[in-house]
Amino acid sequence: MKQYILWLALAISAPAIAQTLPASLVITSERSNFEKTSTHRDVMDFIEVVKGKSQDIHVFSMGKSQEGKDIPVVVMARPRVQTPEEAKASGKMIVYIQGNIHAGEVEGKEALLMLMRDILLGDKQHLLENQIILFAPIYNTDSNDKMEKGRRPSQEDSPLEVGIRENSQGLDLNRDGVKMEAFETNHLFQNVVVPWDPQVFVDLHTTNGTWHAWNLTWAPSYHYAGERGPYDYIVNTMLKSITETVKQKYDLNFGPYGDYDVRQGWPPKNFYTYNHHPRYLVNQFSLRNRIAILSEAFSHERFYQRIHSTYAFVNEILTYTKTHGDEIRAVNKKAEEQTISQIASHAGKIKKGVRFKMVPLQTLPELPTYDYVVTTKADGSPDYLRTGNIIRAKDVTYYAKFDAEIESTVPKGYVIPAEFSAVAENLRKHGVVVTTLGQSKSFEGEVFLVDKYEKAARKFEGHFMAKVQGSFSSTRKKFNKGDYVVDLAQPLGNLAFYLLEPQSDDGYVRWNFFDGPLEKQAGNKKVEYPVFKYY
Ligand SMILES: [Zn+2]
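Numbering (numbering that gives the first Met the number 0), first residue to last: 0 to 534.
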């Protein structure tokens with residue numbers, strides 16, 4: 000028996016890298032017995048060490064944070080590539096993965112540093128055979144270093160101290176995908192997403208919600224105003240396959256992201272994902288005809304376990320993209336072609352959702368979760384106390400589908416008056432092609448007449464978010480030299496449609512880009528939404 004255990008221990012620790020690792024390649028979390036997480040300085044120093052030992056790495060700064068810290072991007076390719084042009088010319092698939100968008104959720108940062116070491120110098124070198132891998136391990140640089148104990152109580156003080164969620168401007172970087180007010184978002188789109196155009200985007204988090212009993216949960220890019228191909232592929236093919244692989248290879252249990260509410264009764268009958276808004280970076284990629292994945296390590300496990308699950312997930316994503324690169328690119332390309340071709344053939348005839356509600360997607364036969372016992376409080380109301388037992392709740396309804404509550408006709412394009420240059424600028428930052436009229440021109444189309452304009456009572460991310468009601472009306476309108484035109488027959492046509500539609504639940508109206516003219520709406524007085532739809 001003893002001999003068997005010894006053999007088993009050797010078999011488990013077989014990968015040789017731990018035995019031959021020079022001290023300079025040990026990262027902070029490993030060196031501290033997982034009591035500490037890497038600082039920005041630690042990350043920069045580690046990247047320098049790896050750079051000195053590998054031919055296959057190029058490092059650039061995505062840009063600087065408000066505090067002036069460089070956000071490093073590590074480009075791994077064999078042979079090395081240094082520019083997006085070289086990457087495109089190589090014909091290889093590009094995958095981009097980032098950690099630390101919320102700087103209290105540090106597992107992605109550590110896992111990416113370990114993987115970088117193993118891909119460039121260790122036993123994962125095969126991952127570079129036919130793809131280019133970009134890692135941004137520390138996206139939220141400033142807040143990572145504002146470490147203090149007790150910031151994330153759900154993480155059991157493991158590691159002992161972590162940084163804060165928002166960036167230095169007080170913004171949540173995973174709510175900034177539309178308005179783009181953070182330094183980081185601007186750098187990410189300008190210097191990574193638009194020029195490198197990764198086929199796969201992965202955002203690494205750690206959830207502090209429900210005590211489900213999965214080691215890690217995932218979500219696809221949800222946006223239903225995009226083409227369905229990439230979404231279907233992520234959920235039904237790619238994540239399904241990876242979930243099975245991690246079970247077989249590592250005995251890790253992965254499942255779909257969500258939360259239940261114990262107050263609805265126990266055991267849980269409903270499990271809810273988050274939502275579809277493209278302010279969340281991952282959700283934007285469905286509108287960009289690209290594959291994207293949200294990864295959420297389970298915060299109630301110990302730090303080393305969360306790193307292990309995240310490492311396994313990223314490793315298997317990269318193994319999958321290596322073997323299915325052509326398939327992924329074909330799915331994305333088809334979605335892009337459909338986006339463009341539907342404008343030529345169906346503009347003015349088809350409708351797409353602009354406002355959505357979450358509805359059931361499927362019944363989960365089993366949801367593993369920590370058990371709760373119900374007691375009674377002094378006032379007689381039920382109190383739910385968590386236990387250490389894991390149960391399997393049966394037949395749980397999973398809410399992860401988004402049905403359109405409001406649909407709108409897809410036009411040939413939009414005209415935006417010149418005074419709304421902030422809108423044109425934001426579209427361009429996303430990569431949307433915006434042209435200007437060289438001379439005045441009349442358009443046949445529709446205006447949206449707003450008969451109700453509402454603003455939220457509470458601020459969210461610095462905004463009193465807005466909402467309109469109204470109706471479209473056919474008309475002809477003349478626009479002037481210098482006004483902006485967005486032709487939807489372009490790769491990012493679905494993104495432009497969703498952002499510019501007045502009733503969109505995460506578009507420019509919501510984020511106050513049109514407050515000026517729309518605030519004039521009062522009582523029965525209608526005002527015109529300034530963006531014109533042409534057919
Ligand atoms: Zn997060």
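C-beta: ideal position from N, C-alpha, C; glycine also.
How far does the alpha helix (DSSP H) with residue i in it reach, from first residue to last?
| i | result |
| --- | --- |
| Val330 | Phe302 to His345 |
| Ser441 | Counting along the chain, Ser441 falls outside any alpha helix (DSSP H), though it belongs to the beta strand (DSSP E) covering Lys440 to Lys454. |
| Gln247 | Leu238 to Tyr249 |
| Met115 | Glu106 to Leu119 |
| Leu499 | Gly492 to Leu499 |
| Thr27 | Thr27 to Arg30 |
| Arg278 | First-last for Arg278: undefined, no H or E at that position. |
| Val432 | Val432 -> no alpha helix (DSSP H), and no H or E assigned at all. |
| His186 | Phe182 to Leu187 |
| Val48 | His39 to Lys50 |
| Pro229 | Arg227 to Tyr232 |
Assuming residue i contacts residue j (C-beta within less than 8 angstroms), just tell me the rounded distance between them.
| i | j | result |
| --- | --- | --- |
| Arg77 | Leu112 | Actually they do not touch by this definition, with Cβ atoms about 19 angstroms apart. |
| Lys165 | Met146 | In the sequence as displayed, the identity of residue 165 is Glu instead of Lys. That belief does not hold up - the Cβ atoms of Glu165 and Met146 are roughly 15 angstroms apart, past 8 angstroms. |
| Leu384 | Thr374 | 6 angstroms |
| Ile137 | Gly103 | The pair is not a contact, with the Cβ atoms about 13 angstroms apart (cut-off 8 angstroms). |
| Asn288 | Thr338 | 6 angstroms |
| Ser294 | Phe312 | 6 angstroms |
| Asp505 | His276 | 4 angstroms |
Is the shortest distance between the beta-carbon of residue i and the beta-carbons of chain B less than 8 angstroms?
| i | result |
| --- | --- |
| Asn190 | Here chain B cannot be found, since the structure has a single protein chain. |
If you drop the 5 nearest sequence neighbours on each side, which residues of the same chain put their C-beta closer than 7 angstroms to that of residue i?
| i | result |
| --- | --- |
| Pro194 | Pro83 |
| Leu448 | Gly469, Ser470, Ser472, Lys525 and Glu527 |
| Gly324 | Met92, Asn129 and Gln130 |
| His186 | Met61, Gly62 and Ile70 |
| Asn190 | Met61 and Gly62 |
| Lys545 | Residue 545 cannot be examined here, being either before or after the span of the chain that is shown, 0 to 534. |
| Ala10 | Only weak support is given to the placement of Ala10: the predicted model assigns it a pLDDT of 42, under 50, and the value that follows is read from those uncertain coordinates. There are no such residues. |
| Ile16 | With a pLDDT of 49 at Ile16, under the threshold of 50, the predicted position of this residue should be treated as unreliable, and no value is reported. |
| Asn425 | Met179 |
| Glu443 | Arg475, Tyr533 and Tyr534 |
At which residues does the beta strand (DSSP E) containing residue i begin and terminate?
| i | result |
| --- | --- |
| Asn388 | Pro381 to Thr408 |
| Lys374 | It is worth fixing the name first, because residue 374 is Thr in this sequence and not Lys. Lys350 to Thr375 is the span of the beta strand (DSSP E), which, as asked, contains Thr374. |
| Tyr271 | Asn269 to Tyr271 |
| Met92 | Met92 to Gly98 |
| Met61 | Ile56 to Lys63 |
| Leu215 | Leu215 to Pro219 |
| Thr82 | Per DSSP, Thr82 belongs to no beta strand (DSSP E) and is neither H nor E. |
| His462 | From DSSP, His462 is part of no beta strand (DSSP E); its letter is neither H nor E. |
| Ser294 | Ile290 to Phe297 |
If we count the other Cβ atoms within 10 Å of its Cβ and call it buried at 16 or more, is residue i buried or exposed?
| i | result |
| --- | --- |
| Gln438 | exposed |
| Ala421 | exposed |
| Gly352 | buried |
| Ile349 | exposed |
| Ala8 | With a pLDDT of only 42 at Ala8, under 50, the local geometry of the prediction cannot be trusted, and no value is derived from it. |
| Ile327 | buried |
| Arg262 | exposed |
| Phe531 | buried |
| Glu418 | exposed |
| Ile389 | exposed |
| Val358 | exposed |
| Ala382 | Before going on, a small fix: residue 382 reads as Asp here, not Ala. Flag for Asp382 reads exposed. |
| Ala110 | buried |
| His101 | buried |
| Thr272 | buried |
| Arg40 | exposed |
| Ala341 | Note on identity: in this sequence residue 341 is Gln, with Ala being the wrong assignment. So Gln341 counts as buried. |
| Lys239 | exposed |
| Val535 | This structure does not reach residue 535, given that the chain is present from 0 up to 534, and the question cannot be answered. |
| His345 | exposed |
| Gly254 | buried |
| Met0 | At Met0 the pLDDT is 41, less than 50, meaning the model places this residue with poor confidence and gives no usable figure here. |
| Asp394 | exposed |
| Ser23 | exposed |
| Lys68 | buried |
Excluding the 5 residues preceding and the 5 following residue i in the sequence, name in chain order all residues of the same chain whose CB lies nearer than 8 angstroms to its CB.
| i | result |
| --- | --- |
| Val58 | Ile46, Lys50, Pro71, Val72, Val73 and Val74 |
| Met464 | Lys454, Ala455, Arg509, Trp510 and Asn511 |
| Ser12 | Any reading at Ser12 needs caution, since the residue's pLDDT is 47, under 50, leaving its predicted position unreliable; the model's value is listed next. So the list is empty, once near-sequence residues are dropped. |
Which same chain residues, not among the five before or five after residue i, have their C-beta less than 6 angstroms away from its C-beta?
| i | result |
| --- | --- |
| Gly522 | none |
| Phe284 | Phe200, Ser220 and Ala291 |
| Tyr3 | With a pLDDT of 40 at Tyr3, under the threshold of 50, the modelled position of this residue cannot be trusted; read the value that follows with caution. So no residue of the chain qualifies. |
| Trp6 | Reliability of the predicted coordinates at Trp6 is poor, the pLDDT of 39 falling under 50, and no value is obtained from them. |
| Thr474 | Val446 |
Validate contact between the segment 197–214 and the segment 366–373 using beta carbons, cut 8 angstroms, 3 pairs | yes
Is the segment 488–496 close to the segment 410–429, with three or more CB pairs under 8 angstroms?
-> yes
Does the segment 429–445 come close enough to the segment 390–407 that 3 or more CB-CB pairs lie under 8 angstroms?
-> no
Using 8 angstroms as the Cβ pair cut-off and three pairs as the minimum, do the segment 297–307 and the segment 114–121 touch?
-> no
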